[in-house]
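**Student:** Pasting a structure here, questions to come.
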Amino acid sequence: MRILIVVSCIIVLVLLFLTMQVPKIAENKIEQAINDVQSASEVQIEDQEALQDVVMKIVEQLESNQRTRLKYLVAAYLVIWLVFMLYLLRIGKQQQTLDQRLAQIELDASESKDESIE
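Residue numbers (my numbering): 172 to 289.
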């Protein structure tokens with residue numbers, strides 16, 4: 172049971188590390204999106220570089236916000252996983268205690284049966 176918990180801990184940590192990586196939007200994709208919007212709206216923007224700088228800042232801010240949200244989400248999943256693992260450990264400990272008590276009761280029952288036969 173403990174091996175299972177350790178293995179699941181490693182898997183969860185690897186998955187958490189992988190989910191913390193926020194994909195970055197490449198500049199060429201942003202430029203292409205700006206050009207697509209301009210051509211679709213038929214509005215000509217004179218200062219292309221200023222527009223691109225504004226869009227880049229907005230994208231960076233959105234990526235930063237996404238990282239923050241991911242940190243909270245990962246922390247919540249980690250807490251839930253930790254509570255579940257502690258619950259499993261508690262259940263395992265209770266099972267061991269019950270197994271020991273059952274073995275003791277069976278031993279006492281067999282001893283009392285032997286005494287009653289004699």
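Every residue, glycine too, gets a C-beta built ideally from N, C-alpha and C. It should be emphasised that the depicted structure is a prediction, and the values quoted were computed from it without experimental measurement.
1. Using a Cβ-Cβ cut-off of 7 angstroms (strictly less than) and excluding sequence neighbours within five positions of V245, which residues of its own chain qualify?
2. By how many angstroms is the C-alpha of K200 removed from the C-alpha of E220?
3. Which residue wins for smallest C-alpha separation from I205, given the options I174, I229, Y258, Q223?
4. Check whether the Cβ atoms of V230 and I196 sit closer than 8 angstroms, and answer yes or no.
5. Where does M256 fall in DSSP's three states?
**Tutor:** In short, the structure shows the following:
1. Within the same chain, L187, T190, M191 come within 7 angstroms of V245 by CB-CB distance, once the 5 residues on both sides are set aside.
2. Whole-angstrom Cα-Cα distance: 15 angstroms.
3. Measuring from the Cα of I205, the nearest candidate turns out to be Q223.
4. In this structure, V230 lies near I196, with their beta-carbon atoms less than 8 angstroms apart.
5. Three-state DSSP puts M256 in a helix.
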